[in-house]
Every structure is written in C-alpha cells, then in structure tokens.
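Novice: There's a structure below that I have some questions on.
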C-alpha cells in the first residue's frame, strides 16, 4: 500500500474507532486485522424499524493498493437475505462500491451506506434473483388464480371489442 493510502487509512480507522467506539452511537465498528491496514473486519447493526433490527452483521473489508482512488471491497460474512446482497457470496450491490466511488468518500461513509441499504433496498439493481426454475419459484408460483393464463386472453379481447 502506498504511503498516502496508508496514512489515509490510519486516519480513517482512528476516526471510526474514536467516533464509533462501541458502535452504540452509529451502529458501525471496525477491527484492524493486519498492520498494513488492508484487511479489516467491519460490523454494522441492523437499522431500527427494519427486519434487521437488533441483528449484528460482520463484514469482510479489503482495501486495494490504490485506495482511495479505488473503492474498498466489502462483503457480508454473516448470512443475510436482501435483494442487493448475494445470499451465496455476501457480495454487495451498491453504487458507491462500483462506478459511483469518489476519492472523497471514506470507510465510514461506506459502512453507513451499507447500513442504510438494509432499510432502503434498491430494486432496480438486484444482486439476488430468483430463477424461473428455482424450487422457491416452482412451489410459490405454480398456483394461479382461476382464469389466469393464455386461455383467458381471447375472452378479454372479446369483451373489449365495441359492438
């Protein structure tokens, strides 16, 4: 890690630990895993008034060599079901972790954004999709209301044509 990146990470880690010490105020926390500050473990609390309330989620954070010009790689360690988080790998689909990253953003911003994503999922950018052949889809979507389907289409056309 370059000297500038290392100094910035030192400052960011110190700020998060000082501000959020026991994670009661903001619900975020980090643990430094190596001396080069490239591997971190984050924790976020589930936001109040959400299905994730009172839960604590562990995150794996990897800081790239060219940080802050590239975003950190963050993924969930704790299993979670959310439309913008892969239930298989924990990968997070969040714009600031991809194409909307700016060098002015910080690790604190990233953790708070992930926490906010738990409350406000982004349905236009899903990470977890159900395939038409999945067992959940087959069992939940096989029961259709009466008159539903292609056979009902001609009857609808007949009703709509004026006399």
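Numbering (UniProt numbering), first residue to last: 1 to 163.
All C-beta atoms in this analysis are idealised placements derived from N, C-alpha and C, irrespective of residue type, glycine included.
Since we're looking at a predicted model, the values are computed, not measured.
#1: Taking residue 115 and residue 27 to be in contact with their CB atoms under 8 Å, please state how far apart those CB atoms are, rounded to whole angstroms.
#2: Just mark residue 48 as buried or exposed, buried being the case when its beta carbon has 16 or more other beta carbons within 10 Å.
#3: How would you call residue 122, buried or exposed, if buried means at least 16 neighbouring beta carbons within 10 angstroms?
#4: Taking residue 91 as the reference, which of 50, 81, 76, 3 has the closest Cα?
#5: According to DSSP, is residue 69 part of a helix, a strand, or is it coil?
#6: Span of the beta strand (DSSP E) holding residue 112?
#7: Looking only at its chain, what residues have a beta carbon closer than 6 Å to the beta carbon of residue 79, apart from the 5 residues adjacent to it on each side?
Specialist: Once the coordinates are examined:
#1: Residue 115 to residue 27, Cβ: 6 Å. Contact.
#2: Classification for residue 48: exposed.
#3: With fewer than 16 other Cβ atoms from the protein chains shown falling within 10 Å of its own Cβ, residue 122 counts as exposed.
#4: Considering only alpha carbons, the answer is 76.
#5: Three-state result, residue 69: coil.
#6: Element bounds for residue 112: not the beta strand (DSSP E) but the alpha helix (DSSP H), 107 to 119.
#7: There are no such residues.
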